[in-house]
Amino acid sequence: MPNTAKAPVADWFTLDQLHDDPYPIYARLRREAPIAWVPATGGYFLTSYQACRDVNLDQRIFTATRDYTRRYSMGASMLHKDDPEHAVERKAFGGVLKPNAINRDWNRIFAENARRYLGELREAGPGADLVEHFSGPFAAECLREMLGFQNAAHEDVHRWSQTIMDGNSNSDDDEAVWERYRRSGEEIDAALDEMIPRLRSNPDGSLISALVNGPEPMSLESVRANVKMTVGGGVKEPRDTLVIAMWGLLSHPDQLDQVRNDPGAATLAFDEAVRWVSPIGMYPRKATRPTTLAGIDLPEGANLGVVIASANRDETVFANGEEFDLNRERKPHLAFANGAHICAGQHAAKAMIGRVALPTLLAGLPGLRPAQDTEPRSGGWIFRRIHELRLTWDA
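Listed below in structure tokens is the structure:
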């Protein structure tokens, strides 16, 4: 029989240290304990590429389902269900988010929005923040239109998204965070209550329309949960990936010139950005029975943190993984997970950022460069982002 062992205990770092800069911690964990018990979280961290990939290949042993005992919950979306329930709900999303639908229905809208917010960024002038004046409103407006929230503004969608993601990472149990989280959930429910009858009477190509008019229409509870899930990740990932990709290019002038000279290379910058600094850095799984993973014994009920932010820098897969390099050897990253739960919105995000936003910004802002001498401030480990990136360009 193969030798197995208990997971080493990793009690030498704090959650605050993870928030500030998780990558040195992840590198040490990969070297010393790719599967480790982390007392600060009450669960196990999986930090190697192999373990993070393998855990998604058997839903019988590693489940995505969760018990909803936390203070507030947005409900059980397909993200927290296994097949066959997950597959049924995912199928309802599929038609709107498939590559041919993105090309046919949404790329034009993405381009219109990119031109609109490029104008607003120019109007703000050199020194403007990319997050405030472009990536945030652009991502929120694109998602608002894709979802079909005709009764909301992009500012509403952006606020909903941020408060949902803040709640999902509220490890400090901050009451003010929970209150904003709860209020956003109520506002989304109210907006859905208004839109669902409209879209049942007049179906369109939006996601909400697909969820309520498909061959197997979802229950109201499932519609609400899945829309909230989409609002949370559907703004954050493109918003933050655009800023990460832009910083990666601006801090590597040779790669910036490469994308300027070949706008098609912007899709490489998108993929490299989500690998380099994965906007969603960790997601949960639970062991349904005693099992062994990568030689480590895991008990039934073990809470697992699948740390894809670490997996995407695993030295055994990505040489010099801490570096931004859009010309690196093409290998599949795990930024959008893998297996049955691979992100349904990945094609939309890649189109928004790699095919539209990055080329639009580089073509529309000659001489684009950072307006600051220091590296921009980043934070987070479950969800990581650059908070502000001030830019200047040749007027």
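FYI, UniProt numbering numbers position 257 of the sequence shown as 257, with every residue one higher than the one before it. Note that CB positions come from ideal geometry on N, CA and C, so glycine has one too. Fair warning: this is a prediction, and the values are worked out from it, not measured in the lab.
Residue 298 is bridged by DSSP to 291. Using a Cβ distance threshold of 8 Å, residue 267 and residue 354 count as a contacting pair.
Looking at the DSSP output, residue 284 shares a beta bridge with 305. Between the alpha carbons of residue 162 and residue 114 lies a gap of roughly 21 Å. Between residue 219 and residue 382 the beta-carbon gap is near 29 Å, outside 8 Å, which marks them as no contact. Rounded to whole angstroms, the gap between the alpha carbons of residue 130 and residue 297 is 46 Å. Inclusion of residue 147 and residue 201 in the CB contact set at 8 Å is not warranted, their separation being larger than that value.
In the displayed model, residue 136 falls within a helix according to three-state DSSP.
DSSP places residue 110 in the helix class (H, G or I) of the three-state scheme. Apart from sequence neighbours up to five positions away, the residues of its chain that approach residue 66 with a beta-carbon distance below 8 Å are 76, 80, 284 and 286, ordered along the chain. Judged by DSSP secondary structure, residue 37 falls within the beta strand (DSSP E) whose first and last residues are 35-38. Contact check between the segment 225-240 and the segment 337-348: three or more CB pairs, one atom from each, fall below 8 Å, which counts as touching.
Put simply, of 60, 23 and 10 the residue whose alpha carbon is nearest the alpha carbon of residue 301 is 60. Ranked by how close their Cα comes to the Cα of residue 215, the residues 248, 54 and 93 have 93 in first place. Taking a C-beta distance under 8 Å as the contact criterion, residue 294 and residue 8 do not qualify as a contact pair. Fewer than three beta-carbon pairs drawn from the segment 255-267 and the segment 104-123 are found closer than 8 Å, and the two stretches are therefore not classed as touching. The segment 302-311 makes contact with the segment 20-34, as at least three CB pairs between them are under 8 Å. Excluding five sequence positions before and after residue 82, the CB atoms of its chain that fall closer than 7 Å to its own CB belong to 59, 63, 64 and 65, given in chain order. Considering only 358, 378, 99 and 340, the residue with the shortest C-alpha distance to residue 279 is 378.
When rounded, the separation of the alpha-carbon atoms in residue 145 and residue 221 is 22 Å. Between the beta-carbon of residue 352 and that of residue 52 there is about 25 Å, and that puts the pair past the 8 Å contact cut. Residue 336 carries a coil assignment under DSSP once its states are collapsed to helix, strand and coil. A distance below 8 Å separates the beta carbons of residue 226 and residue 89. Annotated as distal: residue 369 and residue 199, with beta-carbon spacing of 8 Å or more. About 6 Å separates the beta carbons of residue 376 and residue 247, which is inside the 8 Å limit, making them a contact pair.
Taken in chain order, the complete beta strand (DSSP E) segments of 3 residues or longer contained in the segment 40-101 are 43-46. Secondary structure at residue 241: helix, using DSSP grouped into helix, strand and coil. With a 10 Å radius around the Cβ and a threshold of 16 neighbouring Cβ atoms, residue 289 comes out exposed.
Scanning its chain for C-beta atoms nearer than 6 Å, with the 5 sequence neighbours on each side dropped, one finds around residue 135 the residues 239, 242 and 243, in chain order.
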